[in-house]
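Residue numbers (this note's numbering): 11 to 281. Every residue gets a Cβ at the ideal spot worked out from N, C-alpha and C, and that includes glycine. The structure appears right after this line, and notes come after that.
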């Protein structure tokens with residue numbers, strides 16, 4: 011099979027992953043990182059990508075796709091005047107630094123260690139969704155130093171997990187008496203600097219990695235990036251429409267079950 015044919019088949023596979031990830035992201039109302047990373051890891055295994063770089067490549071590529079998908083989300087929330095830009099600005103300063111540090115933290119970890127960490131994180135998110143746990147809004151919003159520090163931690167963790175940060179940002183904002191609608195909207199805005207800083211730092215961190223597949227730009231795999239972006243934004247709309255026809259509690263339980271399967275698979279692969 012010639013090289014153009016192999017590339018076409020590879021791109022078609024990532025178009026399918028993007029369509030599936032977008033559908034699930036729209037259906038379950040979260041960013042696609044927790045879905046995209048395990049799907050990319052599975053695809054890289056089928057392509058025989060080196061296990062030494064496959065997890066780093068999945069995380070970097072996931073963050074790169076979030077750069078574009080988060081822009082559409084920000085526009086929608088801003089149109090409803092729900093983004094708390096007064097909170098976003100100091101958080102963004104910490105987020106950028108935290109995301110850069112998070113990428114370099116991940117680059118020092120083995121693929122097995124990253125699978126263990128992300129697997130545990132997926133199980134923790136599943137437990138939160140099944141129990142409905144939400145911190146009570148008992149604190150006031152801190153000043154600039156506190157917001158910047160929180161942004162740094164959120165950016166650091168999100169870059170390691172390959173996510174836009176919603177699972178970390180929303181509970182933290184709600185805990186500090188920010189209304190849920192504003193917390194979700196502000197979290198969407200925070201996802202953009204996480205993705206930009208994380209993606210470009212992953213390119214730098216993986217630039218001289220010898221085991222990368224062809225068409226990889228550092229730890230960002232371009233066929234996967236373009237395939238996922240092209241289809242996920244379309245199918246996310248279909249998923250969102252479907253979500254309005256299903257009970258929210260059922261959606262949460264279904265997604266929690268999906269995360270449990272993802273978490274268990276990653277944990278078993280880490281040993």
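Classification of residue i by the beta-carbon crowding that lies within 10 angstroms, buried from 16 upward
| i | result |
| --- | --- |
| residue 19 | exposed |
| residue 251 | exposed |
| residue 161 | buried |
| residue 169 | buried |
| residue 196 | buried |
| residue 143 | exposed |
| residue 120 | exposed |
| residue 79 | buried |
| residue 58 | exposed |
| residue 153 | exposed |
| residue 89 | exposed |
Proximity test, residue i beta-carbon vs the ligand NAP heavy atom, cut-off 7 angstroms
| i | result |
| --- | --- |
| residue 56 | The model depicted lacks the ligand NAP and carries no ligand whatsoever. |
Contact under 8 angstroms by Cβ, residue i with residue j
| i | j | result |
| --- | --- | --- |
| residue 70 | residue 216 | yes |
| residue 67 | residue 226 | yes |
| residue 157 | residue 100 | yes |
| residue 46 | residue 72 | yes |
| residue 43 | residue 246 | no |
| residue 130 | residue 273 | yes |
| residue 133 | residue 270 | yes |
| residue 112 | residue 165 | yes |
| residue 108 | residue 171 | no |
Top-ranked residue by Cα proximity to residue i, from the options
| i | options | result |
| --- | --- | --- |
| residue 199 | 55, 67, 84 and 30 | 84 |
| residue 9 | 92, 115 and 204 | Lying before the first or after the last residue shown, residue 9 is absent from the chain, which here runs from 11 to 281. |
| residue 118 | 47, 212, 131 and 35 | 212 |
| residue 281 | 122, 182, 189 and 76 | 122 |
| residue 209 | 27, 193 and 77 | 77 |
| residue 138 | 276, 277, 279 and 259 | 259 |
| residue 63 | 186, 116, 132 and 239 | 116 |
| residue 239 | 174, 21, 28 and 107 | 28 |
| residue 135 | 54, 55, 177 and 243 | 177 |
| residue 173 | 128, 279 and 182 | 128 |
| residue 277 | 124, 55 and 17 | 124 |
| residue 14 | 114, 86, 110 and 224 | 224 |
Counterpart residues of residue i in DSSP-defined beta bridges
| i | result |
| --- | --- |
| residue 24 | Answer is none; residue 24 lacks a bridge partner. |
| residue 230 | 227 |
Nearest-angstrom Cβ-Cβ length linking residue i and residue j, presumed shorter than 8 angstroms
| i | j | result |
| --- | --- | --- |
| residue 147 | residue 184 | 6 angstroms |
| residue 35 | residue 242 | 7 angstroms |
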